[in-house]
Amino acid sequence: MRARQIVAALAAASLALTMSACGSDSSKKKAESTSVADKAKNDKKLVIGVKYDQPSLGLKKPDGSIDGFDVSVAKYIAQQLGVPESGITFKEARSENRETFLQTGQVDLVVATYSITDSRKPKVTFGGPYYVAHQDTMVKADNTSIKKAADLKGKKICKAAGSNSWKRVVQGPPDGKLNIQATTVDATGYADCVAKLAAGAVDAVSTDDLILAGFAAQQPGKFKVINDPFTDEKYGVGVKKGDTKGCEAVNAAITKMYSDGTAKTLLEKYFNGTGLKPTTTVPQFEGCA
């Protein structure tokens, strides 16, 4: 009787191990099939998070269309992954909800001035960067008191919700950069910051030069960028954490975008006349691990 029990127990254990291995293989295959690269290839559809309120980068127009450098980059990447423009659904991705959108599957990609940072890497896998911007400062065109970042001492600067740019001005390392004693004024986003600058509620807006150049281009002669950059902002394409295959496909698309001249054409289209001198060579990638 004891021998039969032992044989039965061994058989049950063997069956459990076999089922566990099968389940493991099944889970692995399922994870692989959820890559954004596979979804794009099979469904010919993608949901992409972009900004709706940043001129020249991602701006929703009165007719409902969305345009800008980031939007055009997103369309190019999608096309390289096998998705036509008609298969793209754009969703507004604000600074405070980009990680959540990716983690919950509300979007497949995020192309929204999304800086690659060490604090974000545990939550998101980044393709790219597709561009390296630099934090700079914008003031009114007639402002003569702020010529360099150090002149922000004692001034009022804008604090856009969900953005870390203000920290780099008023705090020191590791989170900040300049450690300047300036007063921060809350705003809902950078469009609100620019409105406050125009109204005199703040003295300056400090964030990525591409963002500032876009707003300056929208109202020619009203604002100026002081051209005193102090950081590198690596704009990445956010994909769901762990999607190495999707990340590598995005990197291949970005490489082609620069090699075929599309990146240069898009940068000139959206930022000519702003004083910005864009880089037109492919950035060094962060890696998809």
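Counting in my numbering, the sequence shown runs from -17 upward without gaps. Note that CB positions come from ideal geometry on N, CA and C, so glycine has one too.
- In the DSSP assignment, Y113 falls within the unbroken beta strand (DSSP E) covering V106 to A115.
- Here V219 really is in contact with G109; their C-beta atoms are around 4 Å apart, less than 8 Å.
- Note that the C-beta distance between G171 and D49 is not below 8 Å.
- The continuous beta strand (DSSP E) containing L28 extends over residues L28 to V32.
- Separation of the CB atoms of A56 and V93 is rounded to 4 Å, and the pair is thereby assigned contact status at 8 Å.
- For K23, the number of other beta carbons within 10 angstroms of its own is below 16, and it is reported as exposed.
- Spatial neighbours of N233 in its own chain (CB-CB distance under 8 Å, excluding positions within 5 residues in sequence) are listed in chain order as G109, G110, F267 and C270.
- K135 and A164 have their alpha carbons spaced roughly 5 Å apart.
- For D25, the enclosing alpha helix (DSSP H) stretches over residues V18 to D25.
- Cβ neighbours of T226 within its own chain (closer than 6 Å, five residues either side excluded): C270.
- Membership of S241 in the alpha helix (DSSP H) is indicated by the continuous run T226 to S241.
- Counting only runs that start and end inside the stretch 180 to 220, the alpha helix (DSSP H) elements of at least 4 residues fall at 191 to 200.
- Around the beta carbon of K259, fewer than 16 other beta carbons sit within 10 angstroms, so the residue counts as exposed.
- Judged by beta-carbon spacing, K223 lies within the 8 Å limit of V106, meaning their Cβ atoms are closer than that value.
- Going by DSSP, K251 is part of no beta strand (DSSP E) but of the alpha helix (DSSP H) stretching over T244 to F253.
- Your pair V53 and A75 does not check out as a contact, with CB atoms roughly 11 Å apart and the cut at 8 Å.
- Excluding residues up to 5 positions away in sequence, T119, V121, L134, K137, D185, A186 and I208 lie with their Cβ nearer than 8 Å to the Cβ of I128 in the same chain.
- Looking at S241, G228, H116 and A199, the one whose alpha-carbon comes closest to that of K216 is H116.
- Annotated as distal: Q62 and A195, with beta-carbon spacing of 8 Å or more.
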